[in-house]
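At position 167 of the sequence shown (counting the first as 1) the number is 167 in full-length UniProt numbering, and the numbers step up by one without a gap. C-beta atoms are modelled at their ideal positions from N, C-alpha and C, and glycine is treated no differently. Below: the structure, in structure tokens.
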Amino acid sequence: MTTNKKTQIPAFFDPGSSRPVGVVPLCSAAVFTLILILQFFPHGFKLFFDTSILVAGPPVSHRASTFSPSARVAQDPPVCESPPPFPTTPPVSKPLAMALAEEARAVVRQFDYSDENVNKGVKEFLRQLDEGLHKDGTSLSQIPTYVTAVPNGTEKGLYLAVDLGGTNFRVCSINLNGDSTFKLTYSKVAIPKELMVAKTSEELFSFLAKQIEDFLKTHHFHHYETHVRRRNTVSSPTGYKDEHVFRLGFTFSFPVKQVGINKGTLIRWTKGFDIPDTVGKDVCALLQTEIDKLHLPVKVAALVNDTVGTLMARSYAAPGKTGAVLGAIFGTGTNGAYVEKLSNIKKPLEGEFDDTTGDMVINTEWGSFDNQLNVLPTTPWDVQLDKESPNPGFQMFEKRVSGMFLGEIVRLAILDMMQNDKISFFKDENSSFNDWRSTTNIGKHSGLFRQWGLDSSILSVAAADANPELGTLRQQLESQLEVYSPSLEDAQAFKAIASAVGRRAARLSAVAIAAIVLQTGGLDKPGDEPIDIGVDGSLVEHYPSFRDMIYEAFRIIDGVGEEGAKRIRIGIAKDGSGVGAALIALVAAKMEQHNPFANHQLHNPPTIA
Ligand code: ADP
Ligand code: MG
């Protein structure tokens, strides 16, 4: 860590056998049934008959040639066979299956993001990065963080950290051991949807403070109780000492104008939040006020963007002495913060900072890269998603990359296919069309029919299910989306589309990461020193091969290539935001110590046991 020369703000951091579909040969007992069908369900017979012709006629595809001879029975009067002719293997195809597969391929092609376009994307990303370093109001906000160095792994102490990410609220305590290791205790709660659009900031922030109180009572009861006892026994508020107060790093992953280490006003809500009353207010003060109402021994010491926290955490934990160059998030949203040379930052820096390192961490807010759509790949479903979103025209990169949106893109593409009567998707006329011998049906409350109703996590299930039967994915379609008894073809189509959307997202992620690696010039330096990148978020952590697809793209990017790709080391910054926030809270606490005018003076450095 560097010393603070000017201080105030710190220095740091998807079978074809098949017995023909629908041609279940009939035994004598069934002839009676057939007569009944003819009498009462002529339409049903027509379907049955048409279908049989469809699959038993002259081969129209490679699959027709694999039909068993019994397939032709339907064209002649039904004949009973002996022994009983029940199929030994269940049918796995259905009418219009080939049309479905073809349509799925056409949809998948629309999500192709060619090598050539990836390279165009990188060039444009570099251009927009630079533009944001020159002036405000550009697509990449390029927000200066006033953090001018990254940690080296020797930092020590016990800190609290909270993380308001978009989907969950996490509270944790972190014990930094000073040897690149740490001990972390944490709890996580989903943010109630109604609080994301609460009428007042107080509703949201009082909920957050209550979670902190519950955490302290559960995991640091002794400390909490001691504090309460002291409060009750000491008459003067100055009677209890500041060293007993937990320093808390507040990871707040929304665009903020940071004006101090623990001060920052909300620029705009993103990721489905909308509480107009918060915009323009200091989010640290809002949290501190609610903490104080509960009389908790906690001081909000640092305001931390999750990307900056991830960068810090990777720098603390990564092997080797050099820090990470980029911290990136692929969770509900996506964003990145990187170490830029001060000399490249041409727009005015209003806050005070230590300039001795010659660097400053910049929060790119890359979710809004190319809002003007100069180079971003765009399908009709991207257009629809954007139009129906609360912020049309904004966060256009994020709307193609992050967890909050990938499921919705897949949902819109699938809904369109379901409405196409030339194909049969998630519907079959009767159970014999379905290898599960059950008719596909969709619950009327299925998320497929609701905006944001398809959680991106099913994309990971689709990508991970390598079994030819796609059993896991089909079960998930039932449990998550109320799609009961989907056929194999349905699941194959779903998997193909989900994978295409996931792959495009990974290649777009590679564009952002590669552009920043090129911007920071690390690959220009001779040698084989790795270029460290910390990443965090459920998408990059859980989507199978997300990182492999990023590396595949790196290899075709001009200026990176095979050799460059080998030097880039992307590591999950496990619990990154918590550790990162703790590291910044540590810096903040040290600053308080050095600054005699700080309103909370420390008698000792924070050493809560
Ligand atoms: P936050 O953004 O709140 O920090 P996460 O990093 O956990 O939280 O990201 C949550 C987002 O990731 C949600 O949009 C969710 O749909 C998505 N998600 C969760 N699990 C998975 C998964 N296994 N695969 C892909 N996306 C996932
Ligand atoms: Mg997060």
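- Here Asn-344 has Leu-133 as same chain residues with Cβ atoms under 6 Å from its own Cβ, once five neighbours each way along the sequence are excluded.
- In the three-state DSSP reduction, Glu-194 falls in the helix class (H, G or I).
- With respect to the 8 Å criterion, Asp-536 and Ser-577 are classified as neighbours on the basis of their beta carbons.
- In the structure shown, the three-state DSSP call for Ser-141 is coil.
- Apart from sequence neighbours up to five positions away, the residues of its chain that approach Ser-499 with a beta-carbon distance below 6 Å are Ala-463, ordered along the chain.
- Per the CB criterion, closer than 5 Å to any heavy atom of the ligand ADP, the qualifying residues run in chain order as Gly-165, Gly-166, Thr-167, Asn-168, Gly-331, Thr-332, Gly-403, Met-404, Asp-455, Ser-456, Ser-457, Ser-460, Gly-537, Ser-538, Leu-539, His-542 and Tyr-543.
- By DSSP's assignment, Leu-184 forms a beta bridge with Ile-174.
- For Glu-350, there is no enclosing alpha helix (DSSP H), as DSSP gives it neither H nor E.
- A direct Cα-Cα distance of roughly 18 Å separates Leu-488 from Leu-415.
- Around the beta carbon of Ser-114, fewer than 16 other beta carbons lie within 10 angstroms, which makes this residue exposed.
- The alpha helix (DSSP H) runs lying completely inside the segment 338-412 and spanning 4 residues or more are 380-387 and 398-401, given in chain order.
- Between the ligand MG and the CB of Ser-446, the shortest heavy atom gap is not smaller than 7 Å.
- Take Ile-516, set aside five residues on each side of it, and the residues of its chain with a beta-carbon closer than 6 Å to its own are Leu-326 and Tyr-338, in chain order.
- In terms of Cα proximity to Ser-201, the closest of Gly-272, Lys-281 and Phe-246 is Lys-281.
- DSSP places Val-304 inside the beta strand (DSSP E), whose first and last residues are 298-304.
- Annotated three-state conformation of Gly-336 is strand, per DSSP.
- Taking the CA atoms as reference points, Ile-572 sits about 32 Å from Pro-297.
- In the assembly as shown, Asp-524 is an exposed residue. Its beta-carbon has fewer than 16 other beta-carbons within 10 Å.
- Relative to the non-hydrogen atoms of the ligand MG, the Cβ of Asp-354 never comes closer than 7 Å to any of them.
- Approximately 29 Å separates the beta-carbon atoms of Ser-456 and Leu-518; this is outside 8 Å, ruling out the contact.
- Judged by beta-carbon spacing, Gly-166 lies within the 8 Å limit of Lys-271, meaning their Cβ atoms are closer than that value.
- Judged by their CB atoms, Val-304 and Gly-249 are nearer to each other than the 8 Å cut-off.
- By the neighbour-count criterion, in which 16 or more other beta carbons inside 10 Å mark a residue as buried, Asn-363 falls on the buried side.
- In the DSSP assignment, Lys-156 falls outside any alpha helix (DSSP H) and within the unbroken beta strand (DSSP E) covering 156-164.
- In this structure, the ligand MG has no non-hydrogen atom nearer than 7 Å to the beta-carbon of Asp-428.
- Non-local C-beta neighbours of Glu-408 in its own chain, meaning closer than 8 Å and more than five positions away in sequence, comprise Leu-385, Gln-451, Trp-452 and Leu-454, ordered along the chain.
- Per DSSP, the beta bridge partners of Asp-536 are Ile-329.
- Where Lys-422 is concerned, there is no enclosing beta strand (DSSP E), because DSSP gives it neither an H nor an E.
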